[in-house]
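Notes for the one structure printed next.
Residue numbers (the working numbering): 799 to 952.
In structure tokens form, the structure reads like this:
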């Protein structure tokens, strides 16, 4: 049985701009005020991406707003690189795929599971403009077909 997960931030542009090939769950190394700010919904994932550096996975460009109730000496850096917790084999596999196949690692969601902050990371390929147009066209034709079937059955 999968435990409840509370989504606190999602990257809505990711599925439009990238073709998601595979997803992974990883933990995040955070400071106390970052956790409290995440729980309050203070994260923005617009320009975030992940990289493998020195056999470790790092999340770059994630904006976690300062927690409003923290004292000034406890505030965290807003866009600091954050370490992601993954198994060594997964990291090596992802490094090989990103270097060989020219794929990107894009965060999709940040959520809490059993009180711990988790990140859903996607191995993705960037879409070109014509790919986006084809996806929109396909979605519209599928919607029209469903509508026609629904209208015919009524």
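All residues carry an ideal CB built from backbone N, CA and C; glycine is no exception.
Owing to the predicted nature of the structure, the values given are computational and were not obtained by experimental measurement.
So, is residue 890 buried or exposed, given that buried needs 16 or more other C-beta atoms within 10 angstroms? So residue 890 ends up on the exposed side.
Considering only C-alpha positions, which residue in the set 942, 815, 842 and 896 is nearest to residue 864? Ranking the options by Cα distance to residue 864, first place goes to 842.
Just to confirm the assignment, what range does the beta strand (DSSP E) spanning residue 821 have? Run containing residue 821: 816-826, per the beta strand (DSSP E) assignment.
Can you check whether the CB of residue 914 is closer than 8 Å to the CB of residue 825? Their beta carbons are under 8 Å apart, which means residue 825 touches residue 914 by this criterion.
Taking the continuous beta strand (DSSP E) assigned at residue 804, which residues delimit it? 803-808 is the span of the beta strand (DSSP E), which, as asked, contains residue 804.
If I'm right that residue 867 touches residue 877 with Cβ under 8 Å, what's the distance once you round it to whole angstroms? Under the criterion of beta carbons closer than 8 Å, residue 867 and residue 877 do not qualify as touching, at roughly 21 Å.
Below 7 Å CB to CB, which residues in the same chain sit around residue 941 once its five sequence neighbours on both sides are set aside? Within its own chain, no residue has a Cβ closer than 7 Å to the Cβ of residue 941 once the five positions on either side in sequence are excluded.
Residue 907 and residue 808 - do their beta-carbons sit closer together than 8 Å? Taking the C-beta atoms as reference points, residue 907 is found nearer than 8 Å to residue 808.
Below 8 Å on the Cβ atoms is my guess for residue 804 versus residue 918; work out the distance and round it to an integer in Å. Going by Cβ atoms, the distance from residue 804 to residue 918 rounds to 13 Å, so no, they are not a contact pair.
Would you report the Cα separation of residue 895 and residue 818, rounded to the nearest angstrom? CA-CA distance, residue 895 to residue 818, rounds to 13 Å.
Given residue 881, which residues of its chain have a CB within under 8 Å of its CB, disregarding the five upstream and five downstream residues? Cβ neighbours of residue 881 beyond the five flanking positions: 826, 827, 854, 855, 856 and 857.
Is the CB-CB distance between residue 832 and residue 916 below 8 Å? Residue 916 sits away from residue 832, with the two beta carbons spaced by 8 Å or more.
Nearest by alpha-carbon distance to residue 810: which of 888, 932, 886 and 920 is it? The residue with the shortest Cα to Cα distance from residue 810 is 920.
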